[in-house]
Amino acid sequence: MRYLFTTVPGLEDVAVEELASVGATQASAVSLTGRVIAEVPAPPTSLLGLRSVEKFGVFVASGSFRDLADIASGVMAHMGEIKEYLSPNTSVGVSCERAGKHPFKSRDVEAAVGRLFKEAGYPINLVDPDVEVNVDVVGDAYYVWITSTKSSLKDRGRPYQHYAALNPIVAFAMAKLARVKDGETVCDLTCGGGTICLEAARAARVRCICVDISLKHLRGALQNFKAEETDADVLWFDSTKLHRAMRPVCDVFLFNPPYGVRIPADIHKLYRGLAKSISALARGGARVAVVTPRWRAFLKYFRGEVWERRVIYQGGIYSSIVVGSL
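Counting in UniProt numbering, the sequence shown runs from 1 upward without gaps.
Structure follows, in C-alpha cells:
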C-alpha cells in the first residue's frame, strides 16, 4: 500500500526512519513540506502507533501547478483511482492544507475540487463525510490523498495539557536526533507537563528526570506519567541552580525552554543559567537536543559541540532543534 504521511515540517527524515522500522520499502520526502510518501506492506490499523506522524492516508497523486485550474485538472485525472474507495451513496468531503504564498485560499481549492465530486454525483458533506479527500498545497506542489484516520496521532489523550505544550512529534524527534539509548538517564530541565520524557520513554528504555520551577505543571506531569504508566523522577526546583543540588547524572538533555513569547522571561539570564547547569550535570559524552526559536541566545552560552541545527515549522513559527554534545 502506498501511503502519504504528514509530520512537522523539517522532521520528514525522522518519519522516514520510523517508517523503515515498520517495514516501509520505499519512502521519499522534500524537506519542510511535512509530507512523506512511502510504500508500507501493512494495513492502516497497524500504523496507528507511529510517534513521528500526525495523519496518514492512501496516496493518490502529486504534481506541480501554475494555477488553481491545474490542481483541479490533476485531481480529475486521477478520479478513477479515487472512485475505487467510493460507493454511489458515499458522502465526500474535501480538505486542503496550504503552506506558502498563492493567489488563492484553501477554501478555494476545497470548493473547486468539491465541484468535481458533486458533478460526478457524490453527496458532499463538509462536517462528517464518509470519505475525506485531501488536496494539500505546499509551495508549488499539490498532494492528493484519502484520509485513513480522522483523528490526529499527535493527540495522545493525556489528562494534563500545559498551555504551551510541545508538540509530542517534536519531542519524539528530539529523542531520536539525540540518539537516546536504552539504560541512559534523560534530563528535561523545563519539563512542563512531561511531554519530552513521555516521548523519550517510547524511543528507548530510559530513566527520566523532570525538573520545573512550577509546582502546578509538575503535578500535571505526574498525572500524565501515571496515565501512561511511565516512571520518572520529578523535581520542583529552579533548573538554573540545579547543579548545586545534584551530581553529574545526565546522559542526555532534552528540553524546550521558554523563549519569551508565550512565557515572559529574561531569556539571556535563563539560557545562561541552563547552560551552566548542563555543563555541571553532564556525564562524559552527554548529548543535548534543545528546541527554541531563540537558538542564537542558546548557542551564545552553550559550551559544547554543535552537531546540527534543524529548522522546523510549528505553531505558526520557525524554530530550531539544536543537537550537540558536551
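No residue lacks a Cβ here, since even glycine has one placed at the ideal position from N, Cα and C. These figures come from a predicted structure and were not determined experimentally.
beta-carbon residue i near the ligand MG non-hydrogen atom, thresh 7 Å
{"i": "Ala111", "result": "The model on display carries no ligand, and the ligand MG is accordingly not part of it."}
Coarse secondary structure for residue i, derived from DSSP in three states
{"i": "Asn224", "result": "helix"}
{"i": "Leu235", "result": "strand"}
{"i": "Tyr318", "result": "strand"}
{"i": "Arg127", "result": "The question names Arg, but residue 127 is Val in the sequence shown. Correct three-state label for Val127: coil."}
{"i": "Ala280", "result": "helix"}
{"i": "Gly285", "result": "strand"}
{"i": "Met246", "result": "coil"}
{"i": "Tyr122", "result": "coil"}
{"i": "Glu84", "result": "coil"}
{"i": "Thr240", "result": "helix"}
{"i": "Pro43", "result": "coil"}
{"i": "Tyr271", "result": "helix"}
{"i": "Arg51", "result": "coil"}
{"i": "Lys150", "result": "coil"}
{"i": "His162", "result": "coil"}
{"i": "His217", "result": "helix"}
Residue i: first and last residue of the uninterrupted beta strand (DSSP E) it sits in
{"i": "residue 330", "result": "Past the edges of the chain, shown from 1 to 326, lies residue 330, and the structure says nothing about it."}
{"i": "Lys55", "result": "Lys55 to Ser64"}
{"i": "Ala72", "result": "Taken as a continuous stretch (DSSP letters only), Ala72 belongs to no beta strand (DSSP E), being part of the alpha helix (DSSP H) at Leu68 to Ala77."}
Opening and closing residue of the alpha helix (DSSP H) in which residue i lies
{"i": "Asp212", "result": "Unbroken run through Asp212 is the beta strand (DSSP E), Arg207 to Asp212; no alpha helix (DSSP H)."}
{"i": "Gly114", "result": "Ser106 to Glu119"}
{"i": "Arg296", "result": "Trp295 to Tyr301"}
{"i": "Asp13", "result": "Glu12 to Ser21"}
{"i": "Gly192", "result": "Unbroken run through Gly192: none, as it is neither H nor E."}
{"i": "Lys176", "result": "Pro168 to Leu177"}
Whole-angstrom C-beta distance between residue j and residue i, which should lie under 8 Å
{"i": "Val135", "j": "Cys96", "result": "5 Å"}
{"i": "Val53", "j": "Ala15", "result": "6 Å"}
{"i": "Ser325", "j": "Glu305", "result": "5 Å"}
{"i": "Ser64", "j": "Ala141", "result": "6 Å"}
{"i": "Gly260", "j": "Asn224", "result": "Actually they are not in contact, since the Cβ atoms of Gly260 and Asn224 sit about 25 Å apart, beyond 8 Å."}
{"i": "Val291", "j": "Val170", "result": "6 Å"}
{"i": "Val138", "j": "Gly100", "result": "6 Å"}
{"i": "Ala72", "j": "Ala120", "result": "Rounded, the Cβ-Cβ distance is 13 Å, inconsistent with contact."}
{"i": "Val133", "j": "Val94", "result": "5 Å"}
{"i": "Met1", "j": "Val58", "result": "7 Å"}
{"i": "Phe5", "j": "Phe56", "result": "4 Å"}
{"i": "Ala178", "j": "Ala289", "result": "4 Å"}
{"i": "Ala227", "j": "Pro129", "result": "32 Å between Cβ atoms; not a contact."}
Strand pairing of residue i, partner residues [DSSP]
{"i": "Asn134", "result": "Ser95 and Trp145"}
{"i": "Asp251", "result": "BP columns for Asp251 are empty, so no partner."}
{"i": "Arg202", "result": "Arg202 is not bridged to any residue."}
{"i": "Ala29", "result": "Val36"}
{"i": "Asp155", "result": "Asp155 is not bridged to any residue."}
{"i": "Ile312", "result": "Ser319"}
{"i": "Val290", "result": "Phe255 and Val322"}
{"i": "Glu305", "result": "Ser325"}
{"i": "Thr185", "result": "Arg207"}
Spatial neighbours of residue i in its chain, beta-carbon cut-off 7 Å, leaving aside the 5 residues before and after
{"i": "Ala200", "result": "Ala175, Val180, Val186, Val206, Cys208 and Leu254"}
{"i": "Val311", "result": "Gly10, Tyr318 and Ser320"}
{"i": "His243", "result": "Lys276, Ser277, Ala280 and Leu281"}
{"i": "Val131", "result": "Tyr85, Leu86, Thr90, Val92 and Ile146"}
{"i": "Trp295", "result": "Arg309, Ser320 and Val322"}
{"i": "Lys105", "result": "none"}
{"i": "Glu18", "result": "Leu50, Arg51 and Ser52"}
Beta-carbon contacts of residue i that lie in its chain and below 8 Å, excluding the five residues immediately before and after
{"i": "Pro168", "result": "Arg51, Lys154, Arg156, Thr195, Leu198 and Glu199"}
{"i": "Leu189", "result": "Val211, Ser239, Leu242, Phe253, Phe255, Pro257, Leu274, Ser277 and Ile278"}
{"i": "Gly23", "result": "Val40, Pro41 and Ala42"}
{"i": "residue 328", "result": "Outside the displayed span of the chain (1 to 326) sits residue 328, for which this structure offers no information."}
{"i": "Val8", "result": "Gly34, Glu54, Asn167, Ile169, Val170, Ala173, Ile312, Tyr313 and Gln314"}
{"i": "Val249", "result": "Thr185, Cys187, Ile209, Leu281 and Arg283"}
Residues of its chain near residue i, where Cβ-Cβ distance is below 6 Å and the 5 sequence neighbours each way are ignored
{"i": "Pro293", "result": "Tyr259, Ile317 and Ser319"}
{"i": "Thr33", "result": "Val138"}
{"i": "Arg272", "result": "Tyr301"}
{"i": "Leu218", "result": "Asp212, Val234 and Trp236"}
{"i": "Lys269", "result": "none"}
{"i": "Val125", "result": "Residue identity check: residue 125 is Asn in the sequence provided, not Val. Here the set comprises Ser91 and Gly93."}
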